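If you're matching them up, the sequences are chains A and B in order. Residue 1 is where the first sequence starts when you use the working numbering, and the numbers rise one by one after that. Residue 1 is where the second sequence starts when you use the working numbering, and the numbers rise one by one after that.
Number of protein chains: 2
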Amino acid sequence: MRERKITIKDVAREVGVGIGTVSRVLSGHPNVSQRTRERVLEAVARLDFTPNRLARDFARGRTQTIGVMVPSLSIYYFLEILRGVEQSVSENDYSLIIYNADRPGRALEHLNFLAKNRRVDGLVVIALAGESEWPQQFPLPVVSVDAEVPAVVTLSLDHEEGMYLATRHLIDLGHRRVAFVDRPQDPSSGAMTESRRRGYDRACAENSLIIPDTYARVADFSWQGGHEVTKELLTLPDRPTAIAFSSDMQALGAMRAVRELDLTVGEDVAITGYHGVEVAEIAGLSTVSVSAYDMGKTATDVLIRLLSGEPPAADHILFRPQLIARRTSDAERKTPLV
Amino acid sequence: MRERKITIKDVAREVGVGIGTVSRVLSGHPNVSQRTRERVLEAVARLDFTPNRLARDFARGRTQTIGVMVPSLSIYYFLEILRGVEQSVSENDYSLIIYNADRPGRALEHLNFLAKNRRVDGLVVIALAGESEWPQQFPLPVVSVDAEVPAVVTLSLDHEEGMYLATRHLIDLGHRRVAFVDRPQDPSSGAMTESRRRGYDRACAENSLIIPDTYARVADFSWQGGHEVTKELLTLPDRPTAIAFSSDMQALGAMRAVRELDLTVGEDVAITGYHGVEVAEIAGLSTVSVSAYDMGKTATDVLIRLLSGEPPAADHILFRPQLIARRTSDAERKTPLV
DNA sequence: TTGAAAGCGCTAACAC
DNA sequence: GTGTTAGCGCTTTCAA
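The following block contains the structure:
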């Protein structure tokens, strides 16, 4: 068993040059004559040599790998962003390590780990709430998408605008009793996110709607969250005729709740979702669509450019949501409910 | 700026021992006296020392990282498996690198890359068809789930049984014109997978159903695939009254198609999905449920155990699908359609 | 049980 | 341009 791996040394000996030269050729350094370069490459090919990645990473102190921190792998919206991240990573010949922060405290654990080790060259953070106090002076470049964390570049979403669009859409359709369901600011607290609430309030105010306190709710991102809160809302003495949700899954759960109460979505109760994930389209769900994939892609492009030394063109990029009206808010539309 | 990183050397000097000893303590080697161990650990804590991961990986030739190859990040079923993989990885203090094979030829590229580099210690392969010819003698341990590839351990799914269950369920409900939609064996070819077809045929045969050729179809895994094929099936002269699909997304697309044709799901046309993803539950979709999460988790547990030297208990684990009947096949059931 | 020293395979600074 | 050499920080013999 001649299992000895061939190294840069073998190549050097083969060609009759120093290992420095081989290294230069392999890393694309300019200071190598055309002739030597060719001879080296020929030998590399002949010996079927591949540089040892671990050794290179170690010597360089870089890994050609980025990390992505995601709050959950069960929420389609995040996965959509993740797809964008992966696309960029793959185009740029980087590797991608996933850090799942779906359990409380996990985010901070990951951050501490990353601060100590050199496992990744940079980090993309997805929709991470302020929950985790960051290690002071985090040593890696980070780009955040839809997250309020200290980062070199931040891609954020105008949630005020998003919820404003949804609410106004429902009001324009003639609804006067419009409820609003937010996500919890932070899984552990029950607080609302400020921005969506502002958008909702603004739309109501502009149309002189007086909203009872009971109409503004907080529910889990999941379909169960939407299901439950909808049952509550629809059994209120003065039940709303429209509900704007903060996730598509909430809205799907709501559709189910409406049915279970023998009411009809799009007629008795209008519903809007949020994020515009794939299933919203199938279900004929009106939604506030955000360019999740694009945000992930862009964030990662920016991070990788950062890693190669380019300064970012901007340190804050704002994405605007867009309203997509379908059957759940407007029964006249032809798109059928699933 | 005293930015010099502290190393194992500093710890050694601090305690007054050799670096070998520190290394032994850090790697939990047995041959260290209780006293020295304590003194070393104390110094490590005091200096806030963390071993350089890159150096360690390099010296050991291992990375404490596994890879997962997934055919797509857009198909919920795969993501469900991925969640299981991530869970195991996280429990075992490994890192996870994602290899997305959603473009043709990408799988083989990844494999070649992995064969050359030591980026990961082992590989989990998800639902990868035979499309990619593997490098002969792949140098890493691999465990496959729902995939027919050369692997140390294979977790497979009894798809024949799965489709048999779905078909028989529909027949038991009184349907005589039952259609079947498979996924393509391989994205590039239009061939059917053998096993599901066998299950379908068996159920039909047992009940003396004579099935026209036009009833067995192949369609893309996506909802668009199901949507399209359903329109075709339902405009056949002798249209089926029930359709068994190979993915839940296909089935959701079918539900939409049925509506668009002004028919009613669960009454005019019964539908079953496959995989049992989350949205199937919300939609009241009857489905053949498979333990995707468990498979991912188990596969990874096995792989990691393999990496630490334990021989696998079995080299082939078979999972059995299970039928979940809901409204789309049986209108009597209370679970409402979304 | 422990210290010393020889790698691991590559990069990069430094001479020539 | 190119060869030489000193690291990178850890693991792992090998003696003692």
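From the three backbone atoms N, C-alpha and C, an ideal C-beta is built for every residue, glycine too. Here the structure is a predicted model, which is why all the values come from computation and not from measurement.
- Query: Which runs of the beta strand (DSSP E) fall wholly inside the stretch 219 to 289 of chain A and span at least 3 residues, in chain order?
  - Reply: Considered as a whole, the stretch 219 to 289 of chain A harbours 242 to 244, 270 to 275 and 286 to 289 as its complete beta strand (DSSP E) runs of no fewer than 3 residues, in chain order.
- With contact counted as at least three CB pairs below 8 Å, one residue from each stretch, are the stretch 68 to 76 of chain B and the stretch 73 to 85 of chain A in contact? Contact between the stretch 68 to 76 of chain B and the stretch 73 to 85 of chain A is present, because at least three Cβ pairs lie under 8 Å.
- Query: Using a C-beta to C-beta distance shorter than 7 Å, which residues of chain A count as neighbours of B:Ala170?
  - Reply: Inspection of the sequence shows that residue 170 of chain B is occupied by Leu rather than by Ala. The contacting residues do not exist; B:Leu170 stays about 20 Å from chain A at best.
- Item | Best match in B:Ser156, B:Gln137 and B:Glu260 for proximity to B:Gly296 [C-alpha to C-alpha] | The option with the nearest alpha carbon to B:Gly296 is B:Ser156.
- Query: How would you label B:His275, buried or exposed, when you count the other beta carbons within 10 angstroms and need 16 or more for buried?
  - Reply: Classification of B:His275: buried, given that the 10 Å Cβ count is 16 or more.
- Would you say A:Arg320 reaches chain B, if we count a Cβ-Cβ gap shorter than 8 Å as a contact? Contacts with chain B at 8 Å (Cβ-Cβ) do not include A:Arg320.
- Message: Can you pull the chain B neighbours of A:Gly253, defined as C-beta to C-beta under 7 Å?
- Response: At a beta-carbon threshold of 7 Å, the residues of chain B lying near A:Gly253 are Ile282, ordered along the chain.
- Answer yes or no: do B:Leu170 and B:Val178 have a C-beta to C-beta separation smaller than 8 Å? Yes, the Cβ-Cβ distance between B:Leu170 and B:Val178 is below 8 Å.
- Taking buried to mean at least 16 other C-beta atoms within 10 Å of its own C-beta, is A:Gln250 buried or exposed? So A:Gln250 counts as buried.
- Message: By DSSP's criteria, B:Gln322 is part of a beta bridge. Which residues make up the other side?
- Response: Answer is B:Ser289, bridged to B:Gln322.
- Task: Would you identify the three-state DSSP class for A:Asn112, choosing helix, strand or coil?
- Result: In the three-state DSSP reduction, A:Asn112 falls in the helix class (H, G or I).
- Query: In whole angstroms, what separates the C-alpha of B:Asn100 from that of B:Val143?
  - Reply: When rounded, the separation of the alpha-carbon atoms in B:Asn100 and B:Val143 is 16 Å.
- Minimum C-alpha distance to A:Leu108 - residue among A:Ala59, A:Phe319, A:Val125 and A:Val258: Of the listed residues, the one whose Cα sits closest to A:Leu108 is A:Val125.
- In whole angstroms, what separates the C-alpha of B:Ala43 from that of B:Arg13? Roughly 10 Å between the two C-alpha positions.
- What are the boundary residues of the alpha helix (DSSP H) that includes B:Asp172? Run containing B:Asp172: His159 to Asp172, per the alpha helix (DSSP H) assignment.
- Query: Within 8 Å (strictly less), CB to CB, does B:Ala12 reach chain A?
  - Reply: Cβ-Cβ to chain A under 8 Å: no for B:Ala12.
- Message: When you compare the CB of B:Glu86 with every CB in chain A, is at least one pair closer than 8 Å?
- Response: Yes, B:Glu86 lies at the interface with chain A (some Cβ there is under 8 Å from its Cβ).
- Item | Length-filtered (4 minimum) alpha helix (DSSP H) runs lying within the stretch 31 to 71 of chain B | Runs of the alpha helix (DSSP H) inside the stretch 31 to 71 of chain B: 34 to 47 and 53 to 60.
- Pick from B:Gly174, B:Gly61, B:Arg53 and B:Leu140: whose alpha carbon is nearest that of B:Pro240? Considering only alpha carbons, the answer is B:Gly174.
- Message: For the stretch 280 to 289 of chain B against the stretch 320 to 332 of chain B, do three or more pairs of beta-carbon atoms, one drawn from each stretch, fall closer than 8 Å, so that the two count as touching?
- Response: The stretch 280 to 289 of chain B, when compared against the stretch 320 to 332 of chain B, does touch it at the 8 Å Cβ threshold.
- Under 8 Å by beta carbon: chain B residues contacting A:Thr50: By Cβ distance, chain B contributes Lys116 and Asn117.
- Span separating the alpha-carbon of B:Ala313 from that of B:Arg305: C-alpha separation (whole angstroms): 10 Å.
- Query: Nearest-angstrom Cα distance between A:Ala244 and A:Arg320?
  - Reply: Their Cα atoms are separated by approximately 18 Å.
- In terms of alpha-carbon separation, which member of B:Val70, B:Lys116, B:Leu318 and B:Ser95 lies closest to B:Arg106? Comparing Cα-Cα distances from B:Arg106 to each of B:Val70, B:Lys116, B:Leu318 and B:Ser95, the minimum goes to B:Val70.
- Task: Say whether chain B places a C-beta atom closer than 8 Å to the C-beta of A:Asp330.
- Result: Not an interface residue.
- Message: Please list, in chain order, the chain B residues whose beta carbon lies closer than 7 Å to that of A:Asp57.
- Response: Against A:Asp57, the close residues of chain B are Leu54, in the order they occur along the chain (beta-carbon pairs closer than 7 Å).
- Query: Mind checking if B:Arg256 is an interface residue toward chain A, Cβ cutoff 8 Å exclusive?
  - Reply: It does: the Cβ of B:Arg256 has a partner Cβ on chain A nearer than 8 Å.
- Message: Quick check on A:Ser216: does DSSP put it in helix, strand or coil?
- Response: The question names Ser, yet the displayed sequence has Ala at residue 216 of chain A. For A:Ala216, the three-state secondary structure derived from DSSP is strand.
- Message: Using C-beta distances below 8 Å, list every residue in its chain close to B:Lys9, excluding the 5 sequence neighbours before and after it, in chain order.
- Response: Within the same chain, B:Lys9 has close Cβ partners Ile19.
- Query: What is the DSSP secondary structure of A:Gly122, reduced to helix, strand or coil?
  - Reply: Correct three-state label for A:Gly122: strand.
- Task: Would you check if the distance between the CB atom of B:Gly273 and the CB atom of B:Asp248 is smaller than 8 Å?
- Result: The beta carbons of B:Gly273 and B:Asp248 sit closer together than 8 Å.
- Task: Give the DSSP bridge partners of A:Val145, in chain order.
- Result: A:Val145 pairs with A:Ile126 and A:Leu155.
- Query: Is it right to say B:Glu363 is buried, meaning 16 or more other beta carbons lie within 10 angstroms of its own, or is it exposed?
  - Reply: Nothing about residue 363 of chain B can be read from this structure; chain B reaches only from 1 to 338.
- Are the C-beta atoms of A:Val279 and some chain B residue less than 8 Å apart? Taking Cβ atoms only, chain B reaches closer than 8 Å to A:Val279, which makes this a yes.
- Neighbour list for A:Ser74 in chain B, Cβ cutoff strictly below 8 Å: By Cβ distance, chain B contributes Arg83 and Glu278.
- Item | Interface flag, A:Leu96 vs chain B, CB-CB below 8 Å | Yes - at least one Cβ of chain B is within 8 Å of the one on A:Leu96.
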